[in-house]
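A short write-up of the structure that comes next.
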Amino acid sequence: MLGTLVALGEVAPLVGMGALALCLAAGFTLAWYWLAGVARLNAALRRAAEEQGPFSAPLPAPRLPAIGEIEEGLARLTRSLQTRAALVVQLRAADEAIVEALPDPLIVLAADRAPLRANRAARRLFGLAEGLVRGDLGALLRHPVMAAAMDRSLAENTPQAVELVLPGAVTRELSGQVLLMQPPLADGGCLVIMLTDRTAARAVERMRVDFVTNASHELRTPLASVMGFIETLRGPARDDPAAQERFLGIMAEQAERMRRLIDDLLGLSRVEVSEHQPPEGEAELLGLLRAEAAAMEPLYAARGIRLVLALPEGPLTASPADADQLGQVARNLLDNALRHAQAEVRLSAEAARLGTREGVAFSVRDDGPGIAKEHIPRLTERFYRVDKGRGRGAGNTGLGLAIVKHILTRHRGQLAIESELGGGSAFRVWVPAN
Ligand SMILES: Nc1ncnc2c1ncn2[C@@H]1O[C@H](COP(=O)(O)OP(=O)(O)OP(=O)(O)O)[C@@H](O)[C@H]1O
Ligand SMILES: [Mg+2]
38 MLGTLVALGE VAPLVGMGAL ALCLAAGFTL AWYWLAGVAR LNAALRRAAE EQGPFSAPLP
98 APRLPAIGEI EEGLARLTRS LQTRAALVVQ LRAADEAIVE ALPDPLIVLA ADRAPLRANR
158 AARRLFGLAE GLVRGDLGAL LRHPVMAAAM DRSLAENTPQ AVELVLPGAV TRELSGQVLL
218 MQPPLADGGC LVIMLTDRTA ARAVERMRVD FVTNASHELR TPLASVMGFI ETLRGPARDD
278 PAAQERFLGI MAEQAERMRR LIDDLLGLSR VEVSEHQPPE GEAELLGLLR AEAAAMEPLY
338 AARGIRLVLA LPEGPLTASP ADADQLGQVA RNLLDNALRH AQAEVRLSAE AARLGTREGV
398 AFSVRDDGPG IAKEHIPRLT ERFYRVDKGR GRGAGNTGLG LAIVKHILTR HRGQLAIESE
458 LGGGSAFRVW VPAN
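First residue of the sequence shown? That's 38 in this note's numbering, and the numbers climb one at a time after it.
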């Protein structure tokens, strides 16, 4: 019994030490797993912060359930962060695409007013290459009106309206707004300039005003003359039959001039209305030209001018085409040629291609004084006459070629004018034949 106790007394410390060693080993193992788990979590967090996604490659199953749960939570959190980040990228791309596609110019500036971005319309307006934001923008940003608007916007934090004329190769009329971005945009943009290019609209406005001014001016002159003669006929010429006869003749001329002008104006507006509607049907050019030439023949004979027809055999068909309108084109050109020719006008026609397009063409050539180069591009403007004094005296209004141009635009055709001072003029009309 005592022996057994002695033996136990010897074994007990050994068991105690073994248990202690086991506990220590278990503790170390546990600590090792914890440390390894924490290291994994740490690495996963680092990758998540770097937006790489911690679990893009699956991790081996964690050996501690608590770590596993934390890893699972972290994975969910990261997935949600990734989804949000993708959404932000998507929204920013959509915003940028919208800004880029806006029809009006938009420029984003940093706080120091350095340009950061310009959308496509702005790059086109200022002639900037793709992606390049500096360059000619300087003229706009230095413009006193723009500089003052930016100052006020920064000082008052309110949108500022701007209207300015920007000199350059093409003088631009711009209007727009300067907006302060508070807080600044993601790229540091502080000021946004939104512009509208009013150059074309103002030109159209001016043309309209000019048109009304010109039309009323053209009517006022003959009207004033008729009114003057009525006064004279009622007063001083009351008992003078010879003067009455002469004045009535002039009044009839002036009335005729007004009638012509009104006819031309109505004709022009009719053509303008239909300009955006392509013609339907077809027109046989040779028959049409012969008919117009025959109708003008007496006028040519009266002035002693020869009208030579150099027309080929067989039909020349324009299509799609409005025969009445093409007849008017021929009439207006033959009328001009008659007015300017010295002895002869030649009317010719042919089938002709324009690039890859099939078509037919006719030319009216005269041996008149010709037209100086600088006038040629402007002849088709309404009321444009080379020699205003002579034109008015001869009773013409300067609308004939404007009507021709509109008719040809409607036909998707072309007018070519060749002329030299002293060398006569040739007006060539081309219209498609499909
Ligand atoms: N064959 C030509 N030779 C020289 N100048 C021409 C010729 N045809 C036209 N012009 C010039 O072009 C101007 C414009 O011609 P357009 O036919 O538009 O008007 P217009 O003949 O003056 O008037 P309208 O035709 O309305 O009676 C003319 O005033 C004339 O100065
Ligand atoms: Mg004319």
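Cβ atoms here follow ideal geometry from the backbone N, Cα and C, with glycine treated the same way.
Between which two residues does the beta strand (DSSP E) carrying residue i extend?
{"i": "PRO152", "result": "152-155"}
{"i": "GLU455", "result": "451-456"}
{"i": "PRO469", "result": "462-469"}
{"i": "ALA198", "result": "197-203"}
{"i": "LEU232", "result": "228-234"}
{"i": "ILE144", "result": "143-146"}
{"i": "ASP403", "result": "396-403"}
{"i": "ARG129", "result": "It is not in any beta strand (DSSP E) - ARG129 instead sits in the alpha helix (DSSP H) that spans 102-138."}
{"i": "LEU344", "result": "343-347"}
Quick one: does the C-beta of residue i sit closer than 7 angstroms to a heavy atom of ligand 1?
{"i": "TYR421", "result": "yes"}
{"i": "ASP424", "result": "yes"}
{"i": "HIS254", "result": "no"}
{"i": "GLY409", "result": "According to the sequence as given, residue 409 is Ala; it is not Gly. Outside the cutoff, so no."}
{"i": "PRO204", "result": "no"}
{"i": "GLY450", "result": "no"}
{"i": "LEU217", "result": "no"}
{"i": "HIS180", "result": "no"}
{"i": "LEU416", "result": "yes"}
{"i": "HIS377", "result": "yes"}
{"i": "PRO278", "result": "no"}
{"i": "GLY459", "result": "no"}
{"i": "SER462", "result": "yes"}
{"i": "PRO469", "result": "no"}
{"i": "ASP359", "result": "no"}
{"i": "PRO406", "result": "yes"}
{"i": "ALA439", "result": "yes"}
{"i": "ASP247", "result": "no"}
{"i": "GLN403", "result": "According to the sequence shown, residue 403 is Asp rather than Gln. For ligand 1, at least one heavy atom lies less than 7 angstroms from the Cβ of ASP403."}
{"i": "GLY341", "result": "no"}
{"i": "ASP301", "result": "yes"}
{"i": "GLY435", "result": "yes"}
Between which two residues does the alpha helix (DSSP H) carrying residue i extend?
{"i": "ASP209", "result": "Before going further, note that residue 209 is Arg rather than Asp in the sequence given. That residue, ARG209, is in no alpha helix (DSSP H); its beta strand (DSSP E) goes 209-217."}
{"i": "ALA388", "result": "Unbroken run through ALA388 is the beta strand (DSSP E), 381-388; no alpha helix (DSSP H)."}
{"i": "PRO181", "result": "181-193"}
{"i": "PHE163", "result": "Neither: PHE163 is in no alpha helix (DSSP H) and is coded neither H nor E."}
{"i": "ILE287", "result": "278-311"}
{"i": "ALA370", "result": "Contrary to the premise, residue 370 reads as Leu rather than Ala in this sequence. Per DSSP, LEU370 belongs to the alpha helix (DSSP H) from 360-377."}
{"i": "PHE423", "result": "A small fix is needed here, since residue 423 is Val in this sequence, not Phe. Per DSSP, VAL423 belongs to no alpha helix (DSSP H) and is neither H nor E."}
{"i": "GLU334", "result": "322-340"}
Mind checking residue i: buried by the 16 CB within 10 Å criterion, or exposed?
{"i": "ALA320", "result": "buried"}
{"i": "VAL411", "result": "According to the sequence provided, residue 411 is Glu. The question's Val does not apply to it. That one is exposed."}
{"i": "ALA49", "result": "exposed"}
{"i": "GLY175", "result": "exposed"}
{"i": "GLY461", "result": "buried"}
{"i": "CYS60", "result": "exposed"}
{"i": "SER190", "result": "buried"}
{"i": "PHE266", "result": "buried"}
{"i": "THR434", "result": "buried"}
{"i": "VAL366", "result": "buried"}
{"i": "MET187", "result": "buried"}
{"i": "GLN379", "result": "exposed"}
{"i": "ILE440", "result": "buried"}
{"i": "LEU344", "result": "buried"}
{"i": "ARG294", "result": "buried"}
{"i": "ASN7", "result": "For the chain, the structure presents residues 38 to 471; residue 7 sits outside this window and is missing."}
{"i": "SER253", "result": "exposed"}
{"i": "ALA158", "result": "buried"}
{"i": "GLU255", "result": "buried"}
{"i": "ARG415", "result": "exposed"}
{"i": "ASP403", "result": "buried"}
{"i": "GLY458", "result": "Sequence inspection shows Leu at residue 458; the Gly mentioned does not correspond to that position. So LEU458 counts as exposed."}
With a threshold of 8 angstroms between beta carbons, is residue i in contact with chain C?
{"i": "VAL215", "result": "Protein chain content of the structure displayed is limited to a single chain, and chain C is not contained in it."}
Could you tell me whether any non-hydrogen atom of ligand 3 is closer than 7 angstroms to the CB of residue i?
{"i": "THR354", "result": "This structure lacks ligand 3; the ligands present are ligand 1 and ligand 2."}
With ligand 2 as the reference, list in chain order each residue whose Cβ lies under 6 angstroms from any of its heavy atoms.
Near ligand 2, meaning a beta-carbon closer than 6 angstroms to one of its heavy atoms, we find ASN369, ASP372, ASN373, ASN433, GLY437.
Counting Cβ pairs closer than 8 angstroms, one from the stretch 454-470 and one from the stretch 342-358, do we hit at least three?
Between the stretch 454-470 and the stretch 342-358 there are three or more inter-stretch CB-CB distances shorter than 8 angstroms, so the stretches are counted as touching.
On the three-pair Cβ rule with 8 angstroms, is the stretch 304-316 touching the stretch 344-353?
No: the two stretches stay apart, fewer than three of their Cβ pairs being nearer than 8 angstroms.
At a cut of 8 angstroms, does the stretch 231-250 reach the stretch 207-223 through at least three beta carbon pairs?
Touching, yes, given that three or more Cβ pairs across the two stretches are closer than 8 angstroms.
Contact between the stretch 332-345 and the stretch 293-312: three or more CB pairs below 8 angstroms?
With the rule of 3 Cβ pairs closer than 8 angstroms, the stretch 332-345 does not count as touching the stretch 293-312.
Would you be able to state if there are at least three C-beta pairs under 8 angstroms between the stretch 411-421 and the stretch 269-288?
Because the criterion of three Cβ pairs below 8 angstroms is not met, the stretch 269-288 and the stretch 411-421 do not touch.
Is it true that the stretch 100-113 meets the stretch 129-138, where meeting means three or more beta-carbon pairs spaced less than 8 angstroms apart?
Not touching, per the Cβ criterion.
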